[in-house]
Amino acid sequence: MNRPNIVILGAGYGGIMTAVNLQKKFSAEDAHITLVNKHDYHYQTTWLHENAAGTLHHDRTRISIKDVIDFNKINFVQDTVQSIDPKSKTVKLEDDELSYDYLVIGLGFESATFGIEGLKEHAFSIQNINSARLIRDHIEYNFAQYNLEKGERQDLITIVVGGAGFTGIEFVAELANRIPELCQEYDVPREKVRLLNVEAGPTALAGFDPELVEYAMNRLEEKGVEFRLGTMIKKVNEDGIVVEKDDEQEEISTKNVIWAAGVTGNSIVQESGFEVNRGRVPVRDDLRTPDYDNVFVVGDCAVIMNPETERPYPPTAQIAIQMADTVAHNLKQLLSGSDKFESFKPHIQGTVASLGHTDAIGVVFDDKKLYGRSASVMKKAIDNRYLMKLGGLGLVLKKGKLDMYH
Numbered sequence: 001m002n003r004p005n006i007v008i009l010g011a012g013y014g015g016i017m018t019a020v021n022l023q024k025k026f027s028a029e030d031a032h033i034t035l036v037n038k039h040d041y042h043y044q045t046t047w048l049h050e051n052a053a054g055t056l057h058h059d060r061t062r063i064s065i066k067d068v069i070d071f072n073k074i075n076f077v078q079d080t081v082q083s084i085d086p087k088s089k090t091v092k093l094e095d096d097e098l099s100y101d102y103l104v105i106g107l108g109f110e111s112a113t114f115g116i117e118g119l120k121e122h123a124f125s126i127q128n129i130n131s132a133r134l135i136r137d138h139i140e141y142n143f144a145q146y147n148l149e150k151g152e153r154q155d156l157i158t159i160v161v162g163g164a165g166f167t168g169i170e171f172v173a174e175l176a177n178r179i180p181e182l183c184q185e186y187d188v189p190r191e192k193v194r195l196l197n198v199e200a201g202p203t204a205l206a207g208f209d210p211e212l213v214e215y216a217m218n219r220l221e222e223k224g225v226e227f228r229l230g231t232m233i234k235k236v237n238e239d240g241i242v243v244e245k246d247d248e249q250e251e252i253s254t255k256n257v258i259w260a261a262g263v264t265g266n267s268i269v270q271e272s273g274f275e276v277n278r279g280r281v282p283v284r285d286d287l288r289t290p291d292y293d294n295v296f297v298v299g300d301c302a303v304i305m306n307p308e309t310e311r312p313y314p315p316t317a318q319i320a321i322q323m324a325d326t327v328a329h330n331l332k333q334l335l336s337g338s339d340k341f342e343s344f345k346p347h348i349q350g351t352v353a354s355l356g357h358t359d360a361i362g363v364v365f366d367d368k369k370l371y372g373r374s375a376s377v378m379k380k381a382i383d384n385r386y387l388m389k390l391g392g393l394g395l396v397l398k399k400g401k402l403d404m405y406h
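Quick note, in UniProt numbering, the sequence shown goes up one by one and the last residue is 406.
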């Protein structure tokens, strides 16, 4: 009997969890499963803001694929996906070409620039381990440079973060905690440093509980964060940014612009001819694409509508991990000849935003609000629970946030 070829593209939350689930459901004789990823590690996207701020070393954030994948059951290919041809059922890689019977697309996100002039060329964005390292090194370099310039270059120690969504707020919070350390290390007066958070919308953390948003903003303002709400970034150049509020424009000189305001699905998906809505595939209930019965999509490349709000569910790690369970179940059904597929329904167990090492805000367990240390403990518990699901207790002990109560 010919073993069916299952190919999983990407080892983000959705891809790696699909692979882990499949290796539990199938033996090597049942199916030939291949996982393709650019790096030999999976990384926790939800920790990248800490790496970028320099408050958590990037080695804590990445997890070696060999630590969670059984190479006797799954073939791992380290390569970069170039394109997918769903008609011929092939995937073109940089160094190879793969054919598949069933495909799982989990290629992650790209930053959405919304057409802002100069943003792509002159702003940094928190996308992966390497971009996070670059941001950390860039900010440190500019702090080191400040005194060499006789303290006359305010642009070196002015940091602008674009976007006050989850990533923006969590990154600003880590920076607010990191700046006093940087000031001490590089002999920079703390009062000279500016940290601005620019958001086009009328509020930070749009859609989040207003009471919790107020708590977060007050805590961050106490640490020196300047919020510019209802303010659009119109242009980014090598000397700074141009912002606009109420039809009035202002130039802000800075060498540190970090963009954290929105993502779109990987462009390879649209370029490969799949039906997309703003870069994401509007998947069916069983997480297959609208036009191909043998192609599933997980994570940032998929869009699912929330029937209650008639808006898409946000592309969170929590949802990507749950998608992986559904895809693995439905692949098992497909291969056994059954048409009893599971419909995907996100089970939102709560949402917690970190405000630094010992502070957070969150809504959990049917609208219970958490602030401060208790929310921070919950955030770390959620992170550790994912590691347990991915690789068991050994992975929690190796990579987990076990200093929950300190």
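Positions of the beta carbon are idealized from the N, C-alpha and C atoms, including for glycine. Predicted model, so just to flag it, every value in this text is computed and none were measured.
Ranked by Cα distance from G207, the options K120, A173, I33 and V363 are led by V363.
Of the candidates G115, S111, A112 and F76, the residue whose Cα lies closest to the Cα of L98 is F76. Between H122 and N237 a beta carbon distance of about 6 Å is seen, short of the 8 Å cut, so the two are scored as contacting. Looking at the DSSP output, Q127 sits in no beta bridge, so it has no partner there.
The distance from the Cβ of G15 to that of I8 is about 5 Å, consistent with a contact at the 8 Å cut-off. Residue environment for Q44: buried (at least 16 other C-beta atoms within 10 angstroms of its C-beta). Contact between the stretch 258-269 and the stretch 152-168 is present: 3 or more CB-CB pairs across the two stretches fall below 8 Å.
Annotated as proximal: C301 and V269, with beta-carbon spacing under 8 Å. The beta carbons of K235 and I116 sit about 7 Å from each other, so the pair counts as a contact at 8 Å. The three-state reading of DSSP puts G162 in strand, counting E and B together. Comparing C-alpha distances from S354 to each of T55, D155, R190 and G262 shows the shortest one belongs to T55.
The DSSP-derived three-state label of F171 is helix.
For I69, there is no enclosing beta strand (DSSP E), as DSSP gives it neither H nor E. Of K192, E214, G106 and R194, the smallest CA-CA separation from P202 is found for E214.
Taking the Cα positions, Y371 is about 47 Å away from P86. Secondary structure note for D85: its beta strand (DSSP E) is the uninterrupted segment V81 to D85.
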